[in-house]
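Colleague:
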Amino acid sequence: MKEERLEILKMLQEGIISAEEAEKLLSALDKGEKDSRHRHNSEETFSFGNFFSNFDKGFSDLGKAVGDLFENISISGKYRDFTPVAMEDNRFTPGEGVRIEISQPGRGFFNGNSDISVIASPDKAIHIIEGDCEVLRKNGVIALLCSEDCKITIPENMGEVAVQLFNGSIEIDRIDAPVRVETVNGDIVLKNCSRPAKLKTVSGRIESRISGKYKGKMELNTVSGKIGLFIPRSFSGLCESTTISGNVSCHVRENMAEERGSEDFRKSVHFRFGEGDRTNKVLCRTVSGNVELESDEYTG
Numbered sequence: 001m002k003e004e005r006l007e008i009l010k011m012l013q014e015g016i017i018s019a020e021e022a023e024k025l026l027s028a029l030d031k032g033e034k035d036s037r038h039r040h041n042s043e044e045t046f047s048f049g050n051f052f053s054n055f056d057k058g059f060s061d062l063g064k065a066v067g068d069l070f071e072n073i074s075i076s077g078k079y080r081d082f083t084p085v086a087m088e089d090n091r092f093t094p095g096e097g098v099r100i101e102i103s104q105p106g107r108g109f110f111n112g113n114s115d116i117s118v119i120a121s122p123d124k125a126i127h128i129i130e131g132d133c134e135v136l137r138k139n140g141v142i143a144l145l146c147s148e149d150c151k152i153t154i155p156e157n158m159g160e161v162a163v164q165l166f167n168g169s170i171e172i173d174r175i176d177a178p179v180r181v182e183t184v185n186g187d188i189v190l191k192n193c194s195r196p197a198k199l200k201t202v203s204g205r206i207e208s209r210i211s212g213k214y215k216g217k218m219e220l221n222t223v224s225g226k227i228g229l230f231i232p233r234s235f236s237g238l239c240e241s242t243t244i245s246g247n248v249s250c251h252v253r254e255n256m257a258e259e260r261g262s263e264d265f266r267k268s269v270h271f272r273f274g275e276g277d278r279t280n281k282v283l284c285r286t287v288s289g290n291v292e293l294e295s296d297e298y299t300g
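The sequence shown begins at 1 in UniProt numbering and counts up by one.
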């Protein structure tokens with residue numbers, strides 16, 4: 001949390017926030033560190049929800065958005081009732097509509113460091129192409145627990161793909177399913193996204209490349225990391241980007257309307273692409289990171 005403290009003091013020095021607001025934010029950081037140490041030492045459920053909710057008073061709507069980070073991370077004992085799946089040649093056919101959960105096993109959730117790559121499967125099976133990955137099942141949920149760097153394929157027609165990592169980066173490419181990713185220390189890269197997505201990280205970078213077929217709502221949330229959003233030429237929708245001490249820049253010139261605003265110490269920028277279809281909306285939220293919007297020449 002050292003970087004976050006320095007950022008708060010910098011905002012105080014520059015007059016962006018008041019002394020009272022800085023004190024509240026520093027107190028929230030202290031409480032968050034104590035809570036996380038207690039959970040780590042006792043191997044209890046890990047949750048950033050309580051910590052980030054303390055940002056609400058100082059960060060207004062942005063604080064609420066950040067406060068929703070990691071509200072449901074609960075790894076310890078989560079998969080005790082799951083049954084191991086018999087793999088044949090490192091492949092398994094899950095059936096349609098199941099939820100895929102990707103994480104790190106047991107104590108390795110806090111101590112391990114797994115970089116994971118997920119790509120579209122050439123058939124209807126899950127393939128463990130590289131790495132050590134335990135596969136478990138219960139009802140309509142398949143759990144993939146990666147104890148090291150892994151490369152995995154996932155078929156179409158899954159109900160949802162959900163990823164929870166403490167230390168580790170995740171890259172997801174061409175997955176035709178809603179995606180949810182939560183990390184603490186690690187980057188998130190989502191490529192060729194065509195379905196709704198919610199990406200959240202504390203100190204990692206987020207990169208999202210929207211497919212020309214994208215429909216729905218996307219949320220990109222980070223505390224100190226950069227957000228990079230790549231927009232195809234054919235995209236029709238809205239984008240709202242909010243930051244406190246970072247910058248928002250847009251290099252997408254085609255069919256863009258821009259509206260900048262400032263409330264308290266927040267900076268908010270609204271963009272409209274194409275005809276501005278309101279059913280397609282991207283929300284970018286960061287505290288100290290920058291938000292950059294770029295044209296994606298390879299999709300759309």
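Heads up, the beta-carbon is just placed ideally off N, CA and C, and yes, glycines get one too.
Measure how close the beta-carbons of GLY131 and LYS151 come, nearest whole angstrom, since I'm counting them as under 8 Å.
Modeller: The residue given as residue 131 occupies position 131 in the sequence shown. The residue given as residue 151 occupies position 151 in the sequence shown. With 8 Å as the limit, GLY131 and LYS151 qualify as a contact, their Cβ atoms being about 6 Å apart.
Colleague: Given ASN247, which residues of its chain have a CB within under 7 Å of its CB, disregarding the five upstream and five downstream residues?
Modeller: The residue labelled residue 247 in the question sits at position 247 within the sequence shown. Excluding positions up to five away in sequence, the list reads ASN290.
Colleague: Exposed or buried, THR243, counting other C-beta atoms within 10 Å across all chains shown (16 or more means buried)?
Modeller: The residue given as residue 243 occupies position 243 in the sequence shown. By the neighbour-count rule (16 or more Cβ atoms within 10 Å), THR243 is buried.
Colleague: Let me check understanding here. Comparing Cα to Cα, which of ARG174, THR183, VAL202, SER203 lies closest to LEU190?
Modeller: Counting from 1 along the sequence shown, the entry for residue 190 is found at position 190. Answer by Cα proximity: ARG174.
Colleague: Quick check on LEU238 - is its C-beta less than 9 Å from some C-beta in chain C?
Modeller: In the structure shown, chain C does not exist; there is a single protein chain.
Colleague: Report yes if the C-beta distance between VAL181 and GLU101 is below 9 Å; otherwise report no.
Modeller: In the sequence shown, the residue the question calls residue 181 occupies position 181. In the sequence shown, the residue the question calls residue 101 occupies position 101. Contact flag unset, no.
Colleague: If you compare alpha carbons, which of SER194, VAL269, VAL202 is closest to SER234?
Modeller: Here residue 234 is taken as the residue at index 234 of the sequence shown, counted from 1. Looking at the Cα atoms, SER194 is the closest of the given residues.
Colleague: Under a Cβ-count criterion, where at least 16 other Cβ atoms within 10 Å of its own Cβ denotes burial, should SER245 be classed as buried or exposed?
Modeller: Within the sequence shown, the letter at position 245 stands for residue 245. Looking at its Cβ environment, which holds 16 or more other Cβ atoms inside 10 Å, SER245 is buried.
Colleague: Counting only runs that start and end within the region 206 to 270, where is the beta strand (DSSP E) found for 3 or more residues in a row?
Modeller: Counting only runs of 3 or more, we get 206 to 210, 217 to 222, 227 to 232, 237 to 243, 248 to 250, 256 to 263.
Colleague: What is the DSSP secondary structure of ASP149, counted as helix, strand or coil?
Modeller: Position 149 of the sequence shown, counting from 1, holds the residue named residue 149. If DSSP states are grouped into helix, strand and coil, ASP149 belongs with coil.
Colleague: When DSSP labels each residue in this structure, what does THR183 get in the three-state scheme?
Modeller: The residue given as residue 183 occupies position 183 in the sequence shown. THR183 falls in the strand class under three-state DSSP.
Colleague: Relative to the C-alpha of LYS217, which candidate in GLU240, PRO94, ARG205 has its C-alpha closest?
Modeller: The count along the sequence shown starts at 1 and reaches residue 217 at position 217. When only C-alpha atoms are compared, the closest one is GLU240.
Colleague: Can you grab the Cα-Cα spacing for the pair PRO232 / GLY225, in whole Å?
Modeller: Against the sequence shown, residue 232 aligns to sequence position 232. Against the sequence shown, residue 225 aligns to sequence position 225. Distance between the alpha carbons of PRO232 and GLY225 is about 23 Å.
Colleague: Examine the Cβ distances between the region 198 to 216 and the region 265 to 276 and report whether three or more of them are shorter than 8 Å.
Modeller: They do not touch, by the three-pair rule.
Colleague: If you reduce the DSSP assignment to three classes, tell me which class GLU96 lands in.
Modeller: Walking along the sequence shown from the start, residue 96 turns up at place 96. Reduced to three states, the DSSP call for GLU96 is coil.
Colleague: According to DSSP, is ASP81 helix, strand or coil?
Modeller: Within the sequence shown, numbered from 1, the residue matching residue 81 stands at position 81. Correct three-state label for ASP81: coil.
Colleague: Taking the alpha-carbon of ILE170 as reference, which of ARG205, THR286, LEU238 has the nearest alpha-carbon?
Modeller: Along the sequence shown, read from residue 1 onward, the residue named residue 170 stands at position 170. Of ARG205, THR286, LEU238, the residue nearest in Cα terms is ARG205.
Colleague: Whole angstroms is fine: what's the gap from ARG137's alpha carbon to THR183's?
Modeller: Along the sequence shown, read from residue 1 onward, the residue named residue 137 stands at position 137. Along the sequence shown, read from residue 1 onward, the residue named residue 183 stands at position 183. Roughly 23 Å separates the two Cα atoms.
Colleague: Quick one, are the C-beta atoms of ILE172 and ILE119 less than 9 Å apart?
Modeller: The residue labelled residue 172 in the question sits at position 172 within the sequence shown. The residue labelled residue 119 in the question sits at position 119 within the sequence shown. Cβ distance < 9 Å, so ILE172 and ILE119 count as in contact.
Colleague: Have a look at the DSSP bridge pairing and note the partners of ILE102.
Modeller: As a first step, residue 102 is located in the sequence shown; it is residue number 102 there, counting from the start. Per DSSP, LEU144, VAL163.
Colleague: Grouping DSSP H, G and I as helix and E and B as strand, with all else coil, what is ASN72?
Modeller: Taking the first residue of the sequence shown as position 1, residue 72 is located at position 72. For ASN72, the predicted model reports a pLDDT of 42, less than 50, meaning its position is unreliable; a value from the coordinates is still stated below. Here ASN72 sits in coil by DSSP.
Colleague: Identify which residue in ARG278, CYS284, MET256 has its Cα closest to the Cα of LYS267.
Modeller: Along the sequence shown, one-based indexing puts residue 267 at 267. When each option's Cα is compared against that of LYS267, the closest is CYS284.
Colleague: CB-CB under 6 Å to PRO178, same chain, minus the five flanking residues each way: which ones, in chain order?
Modeller: Along the sequence shown, one-based indexing puts residue 178 at 178. GLU160, ARG195, PRO196, listed in sequence order.
Colleague: Once the 5 residues before and after SER249 are set aside, which same chain residues still bring their CB inside 6 Å of it?
Modeller: On the sequence shown, residue 249 is found 249 positions in, with the first residue counted as 1. Excluding residues within five positions, the ones whose Cβ falls inside 6 Å are GLU292.
Colleague: So, are the CB atoms of GLU148 and SER114 less than 9 Å apart?
Modeller: Along the sequence shown, one-based indexing puts residue 148 at 148. Along the sequence shown, one-based indexing puts residue 114 at 114. For GLU148 and SER114, yes; Cβs fall inside 9 Å.
Colleague: Tell me the residue span of the beta strand (DSSP E) that contains ILE175.
Modeller: As a position in the sequence shown, residue 175 is number 175, starting the count at 1. Element bounds for ILE175: n/a, residue is neither H nor E.
Colleague: Check for me: the beta strand (DSSP E) holding ARG137 runs from which residue to which?
Modeller: Translated into positions along the sequence shown, residue 137 becomes position 137. Here the beta strand (DSSP E) through ARG137 covers 133 to 138.
Colleague: Whose C-beta lies closer than 6 Å to the C-beta of THR153 among residues of the same chain, with five residues either side of it excluded?
Modeller: For the purposes of this step, residue 153 is taken as residue 153 along the sequence shown, with counting starting at 1. ILE119, SER121, HIS127.
Colleague: Starting from ALA120, trace the beta strand (DSSP E) both ways and give me its first and last residue.
Modeller: The count along the sequence shown starts at 1 and reaches residue 120 at position 120. ALA120 -> beta strand (DSSP E) spans 116 to 120.
Colleague: Using a Cβ-Cβ cut-off of 7 Å (strictly less than) and excluding sequence neighbours within five positions of GLY112, which residues of its own chain qualify?
Modeller: Translated into positions along the sequence shown, residue 112 becomes position 112. Result list for GLY112: GLN104, SER147, ASN167, in chain order.
Colleague: Going straight from the alpha carbon of LEU229 to that of GLU259, what length do you get?
Modeller: By 1-based counting over the sequence shown, the position of residue 229 is 229. By 1-based counting over the sequence shown, the position of residue 259 is 259. Between LEU229 and GLU259, the C-alpha separation is close to 18 Å.
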